[in-house]
Amino acid sequence: MAIPARIPFAQNGTSTLLPKHEMTWNQYLDSPNKRFRLILQADSNLVLYDGQTAVWSAQAGQPYITYGNKVYENTPTSFYILYYAILKDREHVRTWSTFNSTPPNRDETAASERTYLRVQDDGNIVITDSISVWSSNPAIPQSPGAEDSIIIPPGTLERDKKYVAGGTTFIFQPDGNLVISNGPLGVLWASWTQDKGAERAVMQTDGNLVVYGPNNTPLWYSGTAGHPGAFLRVQANGNLSIVKEQPVWARFGYTPTLVPKNVFYFDNTAWKTKNFWTFTF
1 MAIPARIPFA QNGTSTLLPK HEMTWNQYLD SPNKRFRLIL QADSNLVLYD
51 GQTAVWSAQA GQPYITYGNK VYENTPTSFY ILYYAILKDR EHVRTWSTFN
101 STPPNRDETA ASERTYLRVQ DDGNIVITDS ISVWSSNPAI PQSPGAEDSI
151 IIPPGTLERD KKYVAGGTTF IFQPDGNLVI SNGPLGVLWA SWTQDKGAER
201 AVMQTDGNLV VYGPNNTPLW YSGTAGHPGA FLRVQANGNL SIVKEQPVWA
251 RFGYTPTLVP KNVFYFDNTA WKTKNFWTFT F
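Just so you know, the sequence shown maps onto residues 1 to 281 in full-length UniProt numbering.
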């Protein structure tokens, strides 16, 4: 059986294991506040530390995991995310895996391209399915979980404020045009609402991005109403997208189901660029 392609992890100290990435011995993730560290130790144990104190490790008998005394690949010990988070431990001849919610259309292959794992400031380890419901250019790859992306939560966009991720800039211009551009490549996408009397651009709580003119007349909209909780994401590679993120597994507080029933809330603190959703359950 062919071994699914995985990407070597090379960013010790970040909080995120990106889709299809694989950690080896002594590689680790840190929570954004640097309090918690998830490390694949040289003894092949996957351990979460709170400071110097071990508070969790991947082992049999935990809720919402699968565990077996077999290793199905003749490759070194590793921890990777391929929709599920999997610890492949050759030294102890065991495989530990998360048991996630069923992905949309039961398509685990598609979900593996957009699902990432993050260590949060509260010590929770959360696997998130990041589903794009609209993109300024579908030809530009999505980068779920990328820490150099900028997240813009629901609300009214500030006119003439630049949201910059790498070489990419997103702006609601004074002339009323929404524009995303990338350095020498110039304009990559625009709403073409300039000089039409645009008064405000709103990322609505229903998931729709709308440019309004006088008397609340829509001049342009993304057509993505019906996705409450969705947000705007600006990527360094030039992609602007509307994204709906759903937790599919967590170390504590979340019950994976076919249709998750838990309600989760977003952090109400002041928003900063290069910040992350924090799921609380």
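C-beta atoms are modelled at their ideal positions from N, C-alpha and C, and glycine is treated no differently. Only a predicted model underlies this, so the values are computations on that prediction, with no experimental measurement involved.
Asp107 CB to nearest chain D CB: under 8 angstroms?
Within the model displayed, chain D is absent; a lone protein chain is all it includes.
Using the Cβ count rule (16 or more neighbours within 10 Å means buried), how would you classify Ile39?
buried
Distance between Glu113 and Val55 (C-alpha atoms, nearest Å)
30 angstroms
Rounded C-alpha distance that separates Ile81 from Arg118:
11 angstroms
Three Cβ pairs or more, each shorter than 8 angstroms: is that satisfied between the region 216-224 and the region 58-65?
no
If you follow the beta strand (DSSP E) that Ser130 is part of, which residue opens it and which one closes it?
125-135
What residue ranges within the region 139-183 form continuous beta strand (DSSP E) runs of no fewer than 3 residues, ordered along the chain?
150-152, 162-165, 168-172, 178-182
Does DSSP put Pro218 in a helix, in a strand, or in coil?
strand
Determine whether the beta carbon atoms of Asn208 and Ala225 lie at a separation below 8 angstroms.
yes
Tell me which same chain residues have a C-beta within less than 8 angstroms of the C-beta of Val187, skipping the five on either side of it?
Val179, Ile180, Ser181
Check whether the region 235-249 and the region 129-138 touch, using three or more Cβ-Cβ pairs below 8 angstroms as the test.
yes
Hey, could you find the ends of the alpha helix (DSSP H) Thr95 is sitting in?
No alpha helix (DSSP H) holds Thr95; the beta strand (DSSP E) holding it covers 94-98.
According to DSSP, residues forming a beta bridge with Tyr64:
DSSP, once it has assigned bridges, lists no residue as partnering Tyr64.
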